[in-house]
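Our numbering puts the sequence shown at residues 10 to 249.
Backbone N, C-alpha and C define an ideal beta-carbon position, used for all residues, glycine too.
Taking it in order: structure first as structure tokens, then the write-up.
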Amino acid sequence: AHLKTLPEDILLCIDVGEEMAEPWDARTTAHLATRLRAVKEALCCFVKQKLAFDRRHRFGVCLLSHTANIILPFTSEDDIILAVIDSLGVVHDNLVGGATGQTGFNFDDLFPLLDEFVSVDEDCAPSRILRVVILYGRSYTVPTLSINPILLQRPHIYLDALYVHKKSNQEGVLCQETYDFFIEHFDVSDSLHGKTAYFFEVASSSPRLYQHMMMLLAHPVQRDDQDTFLDNLEYIEPTD
10 AHLKTLPEDI
20 LLCIDVGEEM
30 AEPWDARTTA
40 HLATRLRAVK
50 EALCCFVKQK
60 LAFDRRHRFG
70 VCLLSHTANI
80 ILPFTSEDDI
90 ILAVIDSLGV
100 VHDNLVGGAT
110 GQTGFNFDDL
120 FPLLDEFVSV
130 DEDCAPSRIL
140 RVVILYGRSY
150 TVPTLSINPI
160 LLQRPHIYLD
170 ALYVHKKSNQ
180 EGVLCQETYD
190 FFIEHFDVSD
200 SLHGKTAYFF
210 EVASSSPRLY
220 QHMMMLLAHP
230 VQRDDQDTFL
240 DNLEYIEPTD
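Here's what the structure looks like:
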């Protein structure tokens, strides 16, 4: 019960690989309708709404390019958060081995960064919920992870992922394999102890993108598991 009332520290982990510069929604005529632009606009709505619910929530921003790099420590200053999100651009890679959009991200780089936000004493009562929200956008390569993300086993630490990708019928894409990676490595849902993890995917549909972001608004300790949540949710299925 104690955890349900705690404010959140939400680390937005945003893929800025080259594929994020590709066009997003074919029905959108805006000149900035790239995949990254679509994600940034949806994230800004998410941040505004979460802070409208509770000003105690804080956000940090972490870029996923060749490695993970936290560029904004946790803050509740909405002007700063929104400005940092809006300033994000794709990282272009001329290194041998291909562009960041064609290289699967190694999530071993992310978890050591989380240690500074977590008390070494596991018996110490947390004062905030830590939630990692991954916005991942690479369609041709599956991410990797060789370490055990044991932090996710702690009751006050959560991880959600939203995978934005090319349409699955395009040649060479590994969208299903990538989505399965997130489920296999990061799904620590435990209905008996109330632990939840949400994983969504979307290809070139702004309505669906916003719908998934709005589903992530719920406090992770208060929400149902994903299957129950979707079963009980009444909404109009967007058209891709």
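CA-to-CA distance, residue j to residue i, given in whole angstroms
i, j, result
"Ile-192", "Gln-162", "15 Å"
"Phe-68", "Phe-190", "25 Å"
"Val-230", "Ala-206", "10 Å"
"Phe-55", "Leu-20", "13 Å"
"Pro-121", "Thr-43", "30 Å"
"Gly-203", "Ala-227", "14 Å"
"Met-29", "Glu-86", "26 Å"
"Leu-15", "Gln-179", "43 Å"
"Ser-222", "Glu-31", "Per the sequence presented here, residue 222 reads as Met, with Ser not at that position. Approximately 20 Å, taken between the alpha carbons."
"His-194", "Tyr-145", "15 Å"
"Ala-134", "Val-182", "44 Å"
"Phe-126", "Ala-170", "19 Å"
Nonlocal neighbours in the same chain, by C-beta distance under 8 Å from residue i, ignoring five residues either side
i, result
"Ile-80", "Val-70, Cys-71, Leu-72 and Val-93"
"Gln-235", "Ser-198, Thr-205, Ala-206, Tyr-207 and Phe-208"
"Ser-177", "Cys-184, Gln-185 and Ala-212"
Those residues which DSSP pairs with residue i across a bridge
i, result
"Val-142", "Leu-21 and Asp-169"
"Pro-32", "Thr-43"
"Thr-153", "Asn-115"
Close-in-space but distant-in-sequence residues of the same chain around residue i (CB under 6 Å, 5 per side omitted)
i, result
"His-174", "Ser-148, Cys-184 and Ala-212"
"Arg-140", "Glu-17, Ile-19, Tyr-167 and Pro-229"
Cβ-based neighbour list, residue i, same chain, cut-off 7 Å, excluding 5 preceding and 5 following
i, result
"Leu-160", "Phe-120, Leu-123, Val-127 and Ile-166"
For this session: Answer yes if the stretch 143-155 comes into contact with the stretch 53-66, meaning at least three C-beta pairs across the two stretches below 8 Å, and no otherwise.
Result: no
Exercise. Can you give, in chain order, each stretch of the alpha helix (DSSP H) that sits fully within the stretch 187-213 and has at least 4 residues?
Worked result: none
Exercise. Using 8 Å as the threshold, is the stretch 111-118 in touch with the stretch 94-101, meaning 3 or more CB pairs across them?
Worked result: no
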